[in-house]
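Below is one structure; the comments refer to it alone.
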Amino acid sequence: MKEGSKNRNKTLRITISRDGKDIKEIFTNESITIGNSLDNDIVIKSWKLRDHFPIVEVKSNTSCILNIHESMEGFISKGTTSQSLKDLVALNLLPKKDDCYQVSFDTQNVGNIRFGNICLKFDYTIPPPSTEAEISIKELLAYKEVSKKVVMEEERKFAYIMLGSFVAHLLFVIYAYNASPPKKRTVIAGLPPVIAELVEMDITAPSEVGTGEEKT
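First residue of the sequence shown? That's -4 in the numbering used here, and the numbers climb one at a time after it.
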């Protein structure tokens, strides 16, 4: 397999250590925040800097930016070359954004950031099969959620179309009825009063004429 193809299969791995002991691994292609509140990706109760600190800003599937504070220590390596983050900051070799110094990081690098008794180790590697399966399940659930929203939107549009058709049909019936009143009134209006009264009589009533009975 070509080197470029191998790199495309790699994912950023963050290993969280406390007092020299690894306690958790995170595989991610998304930006990561750190802080002491529960809505951060990495929660550290002893965190003293601003909350929602953007420790990782992902640029692509194979590169990211590591944001460090001047109070942090650590190193970054590429091949056989290793550099101290403190030295890079002191020599003014890193760009600064807000209260962060930014370190470019890609599949060729390894490194760590230390603060207090916490150490975050960074590298790019191919995730284990279980992690890939978890990612696939998340993608499937996200796809189902999007599909569900699309179906609901189509059903809503269909309901609006049916309701609009019914209202239009009802308005047409009302308009047609008012535009074409019964002709009986038009005919009666042009008749003498006496004849008009006879015409208005219920024509379904049985006639007394021709019954063969004589009136007394």
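Just so you know, even glycine gets a beta-carbon here, dropped at the ideal spot from N, CA and C.
Of all C-beta pairs linking the region 69 to 83 to the region 4 to 23, fewer than three are shorter than 8 Å, placing the two stretches out of contact. Distances from the alpha-carbon of His47 to those of Asn62, Ser55, Asn56 put Asn62 closest. In this structure, the CA atom of Asp93 is about 15 Å from the CA atom of Asn87.
In this structure, DSSP gives Lys19 an extended state, which the three-state scheme calls strand. In the three-state scheme derived from DSSP, where H, G and I count as helix and E and B as strand, Ser79 is classed as strand. In the structure shown, the three-state DSSP call for Ser66 is coil. Annotation: Ala163 to Tyr170 spans about 10 Å, alpha carbon to alpha carbon. Remark: C-beta atoms of Ile29 and Ile60 do not approach each other more closely than 7 Å.
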